[in-house]
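Residue 1 is where the sequence shown starts when you use this note's numbering, and the numbers rise one by one after that. Written below as structure tokens is the structure these notes are about.
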Amino acid sequence: MNGDGSAAQGGPEKHLFQAEVAELLNLMIHSVYSETDVFLRELVSNASDACDKVRYEAIARPELLAGDERLAIRIKPDAAAKTLTIADNGIGMDRQELIDNLGTLARSGTRAFLKGLKDAKDGLGLIGQFGVGFYAAFMVADRIEVTSRRAGAGEAWTWTSASGAGFEVSPAASEQAARVPRGTEIVLHLKEDAVRYLQPYELERIVRTYSDHVLFPIELIDDKGEARQVNAASALWQRPKSEVKPEDYTQAYRSLAMAFDEPALTLHYKVEGRQSYAVLLFVPSTPPFDLTDPARKGRVKLYVRRVYITDDAELLPAYLRFVRGLVDSEDLPLNLSREMLQNNPQVRQIRSGLVGRVLSELESTATKDAEAYGKIWETFGPILKEGLYEDHERRAQLLGLARFASTAGDTPRSIKQYVADLKPNQTEIYYLVGDSLDRLKSNPKLEAAKARGVEVLLLTDPVDAFWTTLPQEFDGKPLKSLSQGEVDFGLIPLVEEEKAKDAATDAGDDAAVLEAAKQVLGDKVADVKASTRLTDSASCLVASAQGRDRELERLLERQNRGSGAKPILELNMKHAMVKALGAAKKEDRAQDVDDLANLLLDEACILDGEIPSDPAAFARRLNDYVVRALRGSATV
């Protein structure tokens, strides 16, 4: 064997699977699932993609289809040999493509899939969710032979693997090559517990269930060599809605999205006029595996007159990337290049229409079926909120679609509901951003709002720290952070039980206390101010009105992208600890002034979910001050 792992010239090349593939195959081979039909759907889907690709490439190179223009997928069971063959006359693969496509898993999310597969009792949904495709065949076969010839190539190649123990690649034997003038032939040597897949009725059932809407004929070959088409091979999206049953939509969704869940929302309509195109879109009920892929690519396929063009046309913005389906245009040219896709005014018009329609359907669902919409928001809300940052034109519409946790109760609230419940003299919509709902609910910055019964939106998704940096308003009411800038609740009346308590307190010499704290803390803070946010806690940290909100600054600091801006320390001038600072200042107890000022800052850091800048000094000060207080040398 050569140093690169291949065999010497004349023999088959031997390769090891990529580590993730080997682990995946081991799980599939040695695990038992309640349903293994998925393998055929995955192989048929791959064959359909291959036919789509050769038809598209043949637009520029018609010779690729010369003599074999009818594209089809053929399934042939052989009971005597216990083999099942799935063949297509699509684009095919050359030697390197066989190695790359069948020996590695480049798809993102592989690690998460493998972990989920280990933990799941039934891997069916995960297999569909992560689209592991070809490898699903190892659930039913202990040996697989793949013979493929790239369209326009003279040589065919064979890829073989047994029980997941690596694979071999070699030039196809003359008999194999003769069977594959173009495309790919997959021969599965079935396991003993999978021989039911040799029954024609079983194969037909699976095709009709999962692949009926594949646009190419799927033919079942009987033992006499006669072919019979077993799928409808019709474009469901071109049929009138009145002729399509709910189960048809479900199967179309599962075929297009490579999924096993039910669609939470279906959009099927046609546009006619200056442009004509058909649309079939689905909102899944469970998150697709690639939802958090950094590339944030959409998965809406573009067809032109039933010819597949691409699934990378960016027909929907990134914040709608969870939507699956297709658009079939009657007007676009078949030879669309990527540059043309980006600059074509017809494509831009389709994009605009699609976005508007999807958001309108979401609005309609929210109005007519709040429970169904609540589930959609729970699943995809953090993704939709990306649009609040990116889509200025539709920001108000997206804000209306948003649902938020709030201090008003446990049920997520719309911004419309918030505005309807504004308190007398309340002119702003208040919110607080953080990383945990429990931590936000106990945040001292809520105290003044609670004292007046003012509702506060609690935002815990990472994207919340970003979209809230932009000017936002709803129904003429601006959104205001409780951790940034000045907050004035003065015109909003206190709830009855708080009035006496508020009137009975004495602020003391506020200016002297604030100045004393500033002198001690120096450049640790940008400023020290009297707080209008606090009623019970002693101190809190906020950002300036011109700076970044506290949560955004923390997120950016973790990525070494922070501005280094110092926070503002706000003090509750009615709190006993702050009064103790004032008393220590009057009595010239310098050590107590220093300790109390630093303790107020450290306490504010802890309440914000941060560690004090010097934990050891914090512990020492706290211990020393408590001991002095117990001895009666400090006034508390």
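Even for Gly, the Cβ is constructed at its ideal location relative to N, Cα and C.
Taking each of Asp410, Ser442 and Asn89 in turn and checking the Cα distance to leucine 65, the smallest one comes out for Asn89. The shortest C-alpha to C-alpha distance from lysine 191 to any of Ser285, Ala141, Val214 and Phe216 is the one to Ala141. By the beta-carbon neighbour count (other beta carbons within 10 angstroms, threshold 16), alanine 511 is exposed. By the C-beta density criterion, leucine 43 is buried, having at least 16 other C-beta atoms within 10 angstroms. In this model, valine 323 and aspartate 523 are separated by some 49 Å (Cα to Cα).
The region 420 to 437 and the region 479 to 495 touch, with three or more beta-carbon pairs separated by less than 8 Å. If you look at glycine 381, you'll find it in the alpha helix (DSSP H) that goes 370 to 384. Under the DSSP definition of a beta bridge, glutamate 145 partners with Thr160 and Val187. Taken in chain order, the complete alpha helix (DSSP H) segments of 4 residues or longer contained in the region 412 to 439 are 415 to 420.
For leucine 316, there is no enclosing beta strand (DSSP E), since its DSSP letter is neither H nor E.
Around the Cβ of histidine 575, a 10 Å sphere holds 16 or more other Cβ atoms; the residue is buried. Distance from the CA of alanine 405 to the CA of leucine 569, rounded to the nearest whole angstrom, comes to 27 Å.
Judged by their CB atoms, threonine 407 and glutamate 455 are nearer to each other than the 7 Å cut-off. Its chain contains Asp261, Glu262 and Ala264 as the residues whose beta carbon lies nearer than 6 Å to that of serine 285, once the 5 sequence neighbours on both sides are disregarded; these appear in chain order. Three or more beta-carbon pairs separated by less than 8 Å are not found between the region 366 to 383 and the region 268 to 278, which leaves the two stretches without contact. Taking C-beta separations shorter than 8 Å and ignoring five residues to either side along the sequence, the partners of arginine 208 in its chain run Val230 and Asn231, following chain order. Closest option to serine 276, judged by alpha-carbon separation, among Arg299, Leu384 and Arg305: Arg305. Approximately 19 Å separates the beta-carbon atoms of aspartate 595 and leucine 541; this is outside 8 Å, ruling out the contact. Taking 7 Å as the cut-off, the beta carbon of isoleucine 218 is found no closer than this to the beta carbon of isoleucine 99. Residue environment: threonine 292 is assigned as exposed (fewer than 16 neighbouring CB atoms within 10 Å of its CB, all protein chains considered).
Inside the region 440 to 476, DSSP marks whole alpha helix (DSSP H) runs of 4 or more residues at positions 447 to 451 and 464 to 467, from first to last along the chain. Judged by their CB atoms, glutamate 603 and threonine 535 are not nearer to each other than the 7 Å cut-off.
Collapsing the DSSP output to three states places serine 285 in coil.
Residue range 324 to 329 is occupied by the beta strand (DSSP E) that includes glycine 325, with no alpha helix (DSSP H) assigned at that position. In this structure, DSSP gives glycine 400 a helical state, which the three-state scheme calls helix. The way I'd put it, the region 181 to 198 does touch the region 145 to 158; three or more beta-carbon pairs between them come closer than 8 Å. Using a Cβ distance threshold of 7 Å, aspartate 37 and isoleucine 221 do not count as a contacting pair. Residue environment: valine 214 is assigned as buried (16 or more neighbouring CB atoms within 10 Å of its CB, all protein chains considered).
Glutamate 570 has Lys529 and Cys540 as its beta-bridge partners, per DSSP. Distances from the alpha-carbon of aspartate 475 to those of Val419, Asp223, Tyr56 and Ile611 put Val419 closest.
With a contact defined as Cβ atoms closer than 8 Å, valine 627 and valine 520 miss out at about 20 Å.
In this structure, the alpha-carbon of alanine 616 lies about 29 Å from that of arginine 548.
In summary, valine 495 is exposed, with fewer than 16 beta-carbon neighbours lying within 10 Å of its beta-carbon over all protein chains present.
In the displayed model, alanine 405 falls within a strand according to three-state DSSP.
With 16 or more neighbouring CB atoms inside 10 Å of its own CB, asparagine 443 falls in the buried class. Spatial neighbours of valine 347 in its own chain (CB-CB distance under 6 Å, excluding positions within 5 residues in sequence) are listed in chain order as Leu341.
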